[in-house]
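Report on one structure; see the data block that follows.
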Amino acid sequence: MEFGQRFRATGTFCVLLLAFALPARGAADPAGRAEAWKSHWAFRPIIAPPPPPVRSARWARTGLDRFVLAELESHGLTPSPAADRRVLARRLSFNLHGLPPSPEFVEDFVADPDPNAYARLVDRLLESPRYGERWGRHWLDVARYADNKGYVFFEERSYPWAHTYRDYVVRSFNEDLPFNRFLLEQIAADQLDLGTNRSALAAMGFLTVGDHMVNNTHDIIDDRIDVLSRGLMGITVACARCHDHKFDPITQADYYGLYGVLRSSVEPMAPPLAAPAPTTEAYEGFELERVRREGRLREFVEQKHGEIVSGGRARIAEYLLAAYDARHHPLTENFMILADKGDLNPTVILRWRLFLERARTVSPQIWKPWHTFADQDASQFDTNLGSTARAPLSEVEGLNPRVAAAFRGPPPRDMKDVAARYERALLQVEKAWQAALEKARSAGLPEPGGLEDPGDEALRRALHGPDAPPDVPGTMDWGFISLLPDRASQAEFQKLITDLEQWLMHGPDAPARAMVMEEARAPYEPRIFQRGNPNRLGESVPRAFPRFLNPQGAPFHHGSGRGELADAIVDPSNPLTARVFVNRVWAHHFGAGLVATPSDFGLRSEPPVHARLLDHLASGFMAHNWSVKWLQRTILNSAVFQQSGHDRAECAAVDPDNRWLWRMNRGRHDFETLRDSMLSASGRLDPTLGGPPVAANSTRRTLYLFVDRMDLPSLYSTFDFPSPSSSCPQRASTTVAPQALYLMNNEFADVSARGLLSRADVAPLRSEARVERLYKILFARSASAEETRWAHQFLRDGSDKRWRDYVHGLLMSNEFAFVD
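Okay, so the sequence shown: first residue is 11 according to this note's numbering, each after it adds one.
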């Protein structure tokens, strides 16, 4: 596991436990760390290096080849000869399509005398829609794609429209959408000028299609920070959730700057359509019912929210006293309290507790009396203690005049009396505020920004504003249920929101929708969570890009800052984004990246084996309008890619790991390629593009099968399919017994063997001709004389069962399971 790839904790609790064992933010840096950060290879600007001089210049087909050849020559190595054309055709087909080439496809290429036949073959494969399916799946690993949310309590667990994101990704690769635009749309399509074609809104599934983490907001945002930073830039920002990063120049302030961006965006209850709205009468009827159901839900939420807020402002003393009584209880947002109808709202009580704790240091001019009395032993609270406790109040500089007036005269008898005095002072200010609002309305003026008197305005903020305890956020989504303290209200809300969800997803003529995020009503002003605890708020930080990539420390100013974040990620001056993507494309073709850790380019990463080559490709990639197909052509047309994969003892003795690329690495098929190849070879592959996910017994490409985040089939993990719980830049490649047992015993392989024998170009053939055809279909080559002899011996009686067993054996062979 790379450094920075996180084990998923169950909720915030595990994060907090870990945090107590770690040094707090601000611990002294080891000597020289700042200099190490500045000189680290990945954080330096990308500068296009000139191709180096080489001795065997005739071998090099492209500038890429010269960089590799220079390293080979410096280590006393020579490149391998070019692979056979049949091998190259098979290699290209699997690398670009994830499917075996047809015998005719291979023979046409082998017989083509044109010196440019190989380059034309690359172009032909890049123009096929199968290319987008193959490379779209690679990207979906990074995007932690799944068709459901994970465990989420009450709400619908499926993502009924996740396929709109998957199809967007496939379409983008096929259309060669510039990679910088591809990223911009996935982060902030709602803020781009899309014209009349709003289909790009589906791109934002990149952020929203992740695990919903039992609906823990902080964990959901942490996952999104991780996929943005580790997934796109190869930096492990999520490691700074509880403390400054231990190795890289990433601070808690950087983490919570990004947290603020994502907390300032919300997922709408009824997302926009993923395609233009139908103009049919049936759709008009669907829309009318949607508006009706949404209206009922909105009316309920607004009514209940108004009751909670008004009750919080009217029953100040009761809430203060409840917060005081609960002061020794754990501070947590991870549970829901059910109370009898009419009781105080638990969420408002919790907000008062947090507010009062922060106020101890933030606004002692108002809340010093409260803490003075609250810190006393309640069992000894009497007149004498009250008099004693009152003494320090005169020492508070600038004590709020209304608060000071509330504590003149006889000392309070108990905390109930203290709470009552604060209620009187706050209600006086509330009355003044309502009068100011009425005056502005009567005069036709906009709502005032606050009260003129600074002391009164400071008190007003305890009742109004994002930090005010009564001013709970009221969103029309499943999060609102936590604000409802009685079972009857929760049940009614659950019915209303479920009715709307079910209609949007399953109503007649319900169209697919884009899984977007949109700007919240007001941006969230982030503060550092001390040791990652959301109930221990530290200093305020701006919404901004990580400081080491943003030396001026310029904060984001436009709304949530999501658009500015997207711009910063794809800015050509950002040294990470292009390098990371180029390295991953290289890894998919060669089996290993130029950088061994594809999602960690931090100080603990090893330098690239071919550092100048990485910058050559990254700079060219950006210079060619971030064209992924340009990058593919550059790599695939190189002599390095076209090398044979045969071992050479003299080179293996010098470079046993093939770090300097003196031959092509052998590549094993992943799960999708293996399954799809069996379907293709057997003639059963359904080539339909896009659409909702299908069941596991479908003959569609594996890309379109339902990905169940909660219950990923064991078959998937057996063949190294990555967990969709977090971003995965590169899959593991294992060889374990269950893989062979599946191919040996599962019905899928047997049905594939039967299908292959039933093909129109196989079934009529006699023994030797049939064996030859099978080899061309499965291995893109003719059977050797020895292989033909073995087949003849095994198939001596020519029975159907013998033929099925023979083909089944070919499907289980290493040659079928590997690219070449």
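Here a beta-carbon is modelled for each residue, glycine too, at the ideal position from N, C-alpha and C.
Nothing here was measured: the structure is a model prediction, and the numbers come from that model.
Residue i in three-state terms, based on DSSP
i, result
"A564", "coil"
"F168", "Reading off the sequence shown, one finds Ser at residue 168, where the question assumed Phe. S168 falls in the strand class under three-state DSSP."
"R554", "It should be pointed out that residue 554 corresponds to Ala in this sequence rather than to Arg. Strand."
"N158", "strand"
"G569", "coil"
"R678", "strand"
"A92", "strand"
"F417", "coil"
"V704", "strand"
"E529", "strand"
"A349", "Unreliable placement is indicated for A349, whose pLDDT of 45 sits below 50; the coordinate value is still reported in the next sentence. It is coil, neither helix nor strand."
"L461", "coil"
"D730", "coil"
"V817", "helix"
"N344", "Bear in mind that the predicted position of N344 carries a pLDDT of just 44, short of 50, making it unreliable; the figure below should be weighed with that in mind. N344: coil per DSSP, three-state reduction."
"E796", "helix"
Top-ranked residue by Cα proximity to residue i, from the options
i, options, result
"A198", "D186, A213, T206 and N207", "A213"
"R370", "L307, Q749, L547 and E660", "L547"
"P438", "R470, E457 and L447", "The amino acid occupying residue 438 in the given sequence is Gln; Pro does not appear at that position. For the residues R470, E457 and L447, the minimum Cα distance to Q438 belongs to R470."
"L461", "G454, L330, A446 and E782", "A446"
"Y534", "A498, P479, G571 and F296", "G571"
"L671", "F115, Q386, G86 and W47", "G86"
"V605", "V650, C661 and R669", "R669"
"R497", "D353, A292, T218 and G677", "D353"
"Y752", "E433, L821 and V116", "L821"
"I326", "S615, Y816, D427 and V372", "D427"
"G108", "A92, R140 and A129", "R140"
"P703", "H679, E312 and D177", "D177"
"W47", "P561, F826, N707 and A801", "P561"
"A663", "S452, R68 and T88", "T88"
"R144", "L684, R523, P59 and L409", "L684"
"R273", "L722, E574 and R234", "R234"
Inter-residue spacing [alpha-carbon to alpha-carbon] between residue i and residue j
i, j, result
"A52", "A127", "38 Å"
"S90", "V64", "16 Å"
"H568", "D221", "28 Å"
"S692", "P774", "15 Å"
"S724", "L699", "26 Å"
"R95", "S792", "13 Å"
"E407", "A430", "23 Å"
"P582", "Q653", "33 Å"
"H656", "E81", "20 Å"
"F555", "L767", "58 Å"
"L510", "R622", "56 Å"
"R589", "V276", "31 Å"
"Y269", "G241", "16 Å"
"F383", "E457", "37 Å"
"V132", "S112", "15 Å"
Within-8 Å CB hit, residue i to chain B
i, result
"T728", "Given the protein chain composition of this structure (a single chain), no chain B is represented."
Assigned exposure category for residue i - 16 Cβ within 10 Å defines buried
i, result
"D75", "buried"
"G267", "buried"
"L455", "exposed"
"I645", "buried"
"H598", "buried"
"H253", "buried"
"T689", "For clarity, residue 689 is Leu in the given sequence; the question names Thr instead. Per the 10 Å Cβ criterion, buried."
"E114", "exposed"
"Q740", "buried"
"Q642", "buried"
"E682", "buried"
"N593", "buried"
"E291", "exposed"
"D696", "exposed"
"A801", "buried"
"P125", "exposed"
"H173", "buried"
Review point. Is the segment 224–232 touching the segment 187–204 in the sense that three or more CB pairs, one from each, lie closer than 8 Å?
Key: no
Exercise for review: Flag this pair as touching only if the segment 140–155 and the segment 117–126 have three or more C-beta atom pairs under 8 Å; answer yes or no.
Suggested key: no
Exercise for review: Flag this pair as touching only if the segment 256–267 and the segment 532–543 have three or more C-beta atom pairs under 8 Å; answer yes or no.
Suggested key: yes
Review point. Is it a yes or a no for the segment 547–559 touching the segment 305–314, going by three-plus beta-carbon pairs under 8 Å?
Key: no
Point to revise | Cβ pair count under 8 Å reaching 3, the segment 560–567 against the segment 282–297 | key: no
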